[in-house]
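Some notes on the structure that comes next.
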Amino acid sequence: KDLKPGHIEAFYRFLSTKEGLSQNSILHYHCNIRKALQQLYVKQTIPNNPADLISNRPIREPFVTNFYNEEQIMTYLEIVKGTKMELPVLGASFYGFRRSEILGLKDSAVDLNRRTITVRHTVVPTTIDGKYEILRKDCTKSRQSLRSLPLVDIFETAIMEAAERQEHYRRQLGSLYCNADRAYLCRDEMGRLLNPNYISQKHKALL
């Protein structure tokens, strides 16, 4: 009941300056805070919604996309050739796959007879009760994201070569090899599904 607009504004400044969050991220906080306070206002627990009275609301920042030309893409593909980053980079380059979509690809998503690849499963990082977890979901970000696409030759070849590397790792590691994630295409040398954060961090370092 003692919450004032200035308190909320101070919190947003803290998120921006101390936590380094973008305006888009802070806007998510604002939407949740406003919705919670609105419920209290409707119940007449508070006289007004202080989130509606702040003077500097977070403003959505427009996303500006930068594209690489053909030469740059080919250079990048040469760098990741034969590594666990090859499939993620190819998926982004040829299909525009999101990180969650490329990591969610399984053997069953590839139809060699029809020569298609289908996005139907995603892998998303999240924090639950302060603990980092990876959610594996048989759904996509939107209904439009559920789609089948032509299987291009270079992606098919990369899938086959990645499978051969995994078989080599499995023979070398024996019982230490992780069989639980064998259905996924994007795995590390231990056979484990690639961590979403690894993709982002390694991508940034490679760029």
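Numbering (our numbering), first residue to last: 100 to 306.
For glycine and all other residues, C-beta sits at the position ideal for the given N, C-alpha and C.
Owing to the predicted nature of the structure, the values given are computational and were not obtained by experimental measurement.
Inspect the beta-carbon positions of residue i and residue j and report whether they are closer than 9 Å.
| i | j | result |
| --- | --- | --- |
| Thr-182 | Leu-202 | no |
| Leu-186 | Cys-285 | yes |
| Asp-280 | Leu-272 | no |
| Met-289 | Leu-275 | yes |
| Ser-207 | Ala-109 | no |
| Ser-299 | Arg-198 | yes |
| Leu-114 | Tyr-128 | yes |
| Ser-192 | Leu-176 | yes |
| Asn-278 | Ile-233 | no |
| Ile-107 | Ile-132 | yes |
| Glu-170 | Leu-211 | no |
Assign residue i to one of three DSSP states: helix, strand, or coil.
| i | result |
| --- | --- |
| Tyr-276 | coil |
| Pro-146 | coil |
| Lys-100 | coil |
| Gly-117 | The question names Gly, but residue 117 in the sequence shown is Lys. Three-state result, Lys-117: coil. |
| Glu-288 | coil |
| Asp-210 | strand |
| Leu-234 | strand |
| Leu-305 | helix |
| Arg-246 | strand |
Distance check for residue j and residue i, CA to CA, integer angstroms please.
| i | j | result |
| --- | --- | --- |
| Gln-122 | Glu-160 | 6 Å |
| Pro-149 | Arg-112 | 16 Å |
| His-267 | Ile-253 | 21 Å |
| Glu-260 | Lys-103 | 60 Å |
| Pro-249 | His-302 | 25 Å |
| Ile-216 | Gly-105 | 51 Å |
| Glu-200 | Thr-144 | 43 Å |
| Arg-246 | Cys-238 | 11 Å |
| Ile-172 | Arg-213 | 27 Å |
| Val-209 | Lys-230 | 33 Å |
| Met-184 | Pro-224 | 18 Å |
| Lys-100 | Thr-116 | 27 Å |
Please give the ranges of any beta strand (DSSP E) in the region 126–207, keeping only runs that are unbroken, at least 3 residues long and fully inside the region. none
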